[in-house]
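What follows is one structure encoded as structure tokens, with my remarks underneath.
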Amino acid sequence: MEQKITDILNILNSKDSPSQREIAKEAGISLGLVNTLLKKCAKKGLIKIERLNSRNIKYILTPAGIKEKTKKTITYVKKSYQAIKEIEAEVLKLAARAEKEDKDLYLYSDEEEDEILDLVSLVLRENNLDFEIFTAEEELANINKEESLLLHWDPDLKVEHLEPVNIFI
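Count along the sequence shown from 1, then add 65; that gives the number in the numbering used here.
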């Protein structure tokens with residue numbers, strides 16, 4: 066719930082007079098929940114509700130709302146950075162295992178835009194480690210189980226002839 070409030074505060078900070086419907090669409094939550102959360106924010110003093118006319122309302126971030134948004138953003142960035150460091154450590158551990166076992170390193174992602182693939186690739190490149198990327202399950206048929214280590218993050222990936230390693234498990 067707190068993340069949804071943060072999302073609403075961010076939307077109010079970045080848009081000029083968005084409607085509840087626009088906030089709901091951008092935050093990916095129901096219109097009723099937006100209404101409830103806006104009232105909660107007003108009660109906490111994070112926003113000011115200003116009636117423009119009988120049909121239009123303007124939501125304004127208060128200094129307390131800006132401060133709260135900033136604190137929540139900083140907390141989010143810190144948690145995200147820690148998660149990235151944990152992924153980096155796991156990838157390097159698995160890459161060291163591949164090197165020790167004299168195995169080729171492969172990455173698998175079936176998404177066109179994949180931030181995790183970008184991160185894992187960057188970690189491996191920065192450490193001058195060789196790897197190959199596969200983007201279709203059919204391509205995995207060419208990988209020899211004994212000579213490879215396949216890293217992925219797809220909880221549903223099942224490959225008959227391989228034992229893929231999910232970097233999050």
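Ideal Cβ positions, reconstructed from N, Cα and C, are used throughout, including at glycine.
| request: Please state whether DSSP places ASP72 in a helix, a strand or coil. | output: helix
| So is GLU133 buried or exposed if we call it buried at 16+ other beta carbons inside 10 Å? | buried
| task | Excluding the 5 residues preceding and the 5 following ASP219 in the sequence, name in chain order all residues of the same chain whose CB lies nearer than 8 Å to its CB. | result | TYR173, SER174, ASP175, ASN231
| Does the Cβ-Cβ distance between LEU240 and ALA163 come in under 7 Å? | No information on residue 240 is available, as it lies outside the stretch 66 to 234 that the chain covers here.
| DSSP state of VAL230 mapped onto helix, strand, coil | strand
| query | Considering ILE112, what are the terminal residues of the beta strand (DSSP E) in which it resides? | reply | Counted as a single uninterrupted DSSP element, the beta strand (DSSP E) harbouring ILE112 occupies residues 112-116.
| task | Starting from the N-terminal side, write out each stretch of the beta strand (DSSP E) that is 3 residues or longer and does not extend beyond the segment 123-196. | result | 169-173
| said: Contact between the segment 133-152 and the segment 190-202 is defined here as three or more beta-carbon pairs at a separation below 8 Å; is this criterion met? | reply: no
| task | Could you tell me the boundaries of the alpha helix (DSSP H) in which LEU222 lies? | result | It is not in any alpha helix (DSSP H) - LEU222 carries neither H nor E in the DSSP assignment.
| request: Closer than 6 Å by C-beta to LYS109: which residues in its own chain qualify, once you throw out the five before and the five after it? Chain order, please. | output: So the list is empty, once near-sequence residues are dropped.
| In three-state terms, what does DSSP make of LEU94? | Per the sequence shown, residue 94 should be read as Ile rather than Leu. Three-state DSSP puts ILE94 in coil, outside helix and strand.
| When burial is assigned at 16 or more other CB atoms within 10 Å of the CB, is TYR124 buried or exposed? | Buried: at least 16 other Cβ atoms inside 10 Å.
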